[in-house]
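Residue numbers (this note's numbering): 1 to 228. Note that beta-carbon positions come from the ideal geometry of N, C-alpha and C, so glycine has one too. The structure appears below as structure tokens.
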């Protein structure tokens, strides 16, 4: 599905979020960067990197020496690599794009100073296993920040969100990307995606020392942060 929409993925993200997704991604990175002032040559993992938005943002930070950006969708990675080749920023060389599975990370234990994932954990086949892998490869005291769709706590907002906004997505997907089914998946995946407070608790249960969440856009989107 993601291979089918790779060409229009960035454009649809900009349209459906009024281009605010980039602000949200930077905020997630900032929350995972709390330890950055105390680090030199930090090593970062960006899971489910897609076309690389968050990887490029990480590379801008002077304390970051290496960004491993992984995804299981090769067409997405190919677009990310083309962006890297065309980039005029010298820091883009910090990024290595790699085809890999978030459920079986090809990295040693305690390997990364920080981890981010933008709109990706909701798509893994086994969320519990993905969190275990994140905990394994993250260094002690390192942060993970996950940006994804949320569940509004207000009944009124939730009704509008599900009854109006989410129902528009498949039609926009058909009009702008020619793929209604792919964007209907966004609605369907939300049904099994945990509430942000429950995802935060899942990080606690995996052995993280702290976890919290921040609602964005009335809880329709959320950042869940945890520290190992």
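Item, Value
"Delimiting residues of the beta strand (DSSP E) encompassing residue 140", "138-149"
"Distance between residue 119 and residue 28 (C-alpha atoms, nearest Å)", "11 Å"
"Residue 227 (DSSP reduced to helix, strand or coil)", "strand"
"C-alpha distance - residue 169 paired with residue 14, whole-angstrom precision", "13 Å"
"Residues near residue 126 by beta carbon distance below 7 Å, same chain, minus five either side", "103"
"Beta-carbon contacts of residue 60 that lie in its chain and below 8 Å, excluding the five residues immediately before and after", "89, 91"
"Bridge partner(s) assigned by DSSP for residue 221", "149, 216"
"Segment contact flag, the region 20-34 with the region 141-155, C-beta cutoff 8 Å, min 3 pairs", "yes"
"C-alpha gap between residue 53 and residue 19, whole angstroms", "12 Å"
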